[in-house]
Amino acid sequence: MSALPPEPRTETRIKVYYFDTDAAGVVHNVAYLRLIEVARSELAERLGWSLAEMGRSGLVPVLVRTEIDYLRPARLGEELIVESRLTRLERLRFFIESAIRREGEPAVLVRCRQTLVTVRLADGRPRAVPEAWAEAYPHLLATADRPKPGAG
């Protein structure tokens, strides 16, 4: 992995297209998950875990939980900002939170919390999250996963 950014977050601009909406031009609930997936992929790239890197390492993130709050509707043609950030690291799991807003507006339309597990492709078994993340973002480590004072 290359040098990691000081803050594990990204903002992705996405336009709402016709296929994202229902007959009334309102973004369909499932479409928000696609928008969040795009932003989460951008975040993975930013954190040095591109699709190419995943293939080389044989490790992939597997989504195991999504919790989503639909607060306000987005509509056809709107430009949205999807902010995604790595919020917590555990030995085998990591957590990402996302918020969707209209460009230029502070109000959150959708809030999402996701849990992912790092899995080795060869056998489908969980593996530790990338060590570089724990080193770069020790403040995100769950208390039980933090190095003990004086250790190491």
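Take 1 as the starting number for the sequence shown in the working numbering and just add one per residue. Think of the CB as a built atom: it goes at the ideal place given N, C-alpha and C, for glycine as much as any other residue.
Three-state class that DSSP yields for residue i in the structure shown
| i | result |
| --- | --- |
| P61 | strand |
| D69 | strand |
| F19 | helix |
| P130 | coil |
| L86 | strand |
| E7 | coil |
Contact set for residue i: own chain, Cβ-Cβ below 8 Å, skip 5 residues either direction
| i | result |
| --- | --- |
| V38 | T12, I14, V82 |
| L80 | R13, I14, K15, V16, L35, A74, I100, R101, R102, E103, L109 |
| R125 | V119 |
Span of the alpha helix (DSSP H), counted from its first residue to its last, around residue i
| i | result |
| --- | --- |
| S98 | Note, S98: premise wrong, no alpha helix (DSSP H); beta strand (DSSP E) at 93-102. |
| S41 | 29-46 |
Nearest candidate by alpha-carbon position, reference residue i, set the options
| i | options | result |
| --- | --- | --- |
| E131 | F94, R113, Q114 | F94 |
| A44 | P61, L71, L76 | P61 |
| Q114 | I96, G55, L51 | I96 |
Same chain, Cβ closer than 6 Å to residue i, five either side skipped, listed in chain order
| i | result |
| --- | --- |
| A99 | E83, V108, R111 |
| L140 | R88, L89 |
| E135 | none |
| Y137 | P8 |
Residue i CB to nearest heavy atom of the ligand HEM below 6 Å
| i | result |
| --- | --- |
| L35 | This structure lacks the ligand HEM; in fact it carries no ligand of any kind. |
Element boundaries [beta strand (DSSP E), containing residue i]
| i | result |
| --- | --- |
| V26 | Taken as a continuous stretch (DSSP letters only), V26 belongs to no beta strand (DSSP E), as it is neither H nor E. |
| L141 | It is not in any beta strand (DSSP E) - L141 carries neither H nor E in the DSSP assignment. |
| R111 | 108-120 |
Nonlocal neighbours in the same chain, by C-beta distance under 7 Å from residue i, ignoring five residues either side
| i | result |
| --- | --- |
| G58 | R120, L121, A122 |
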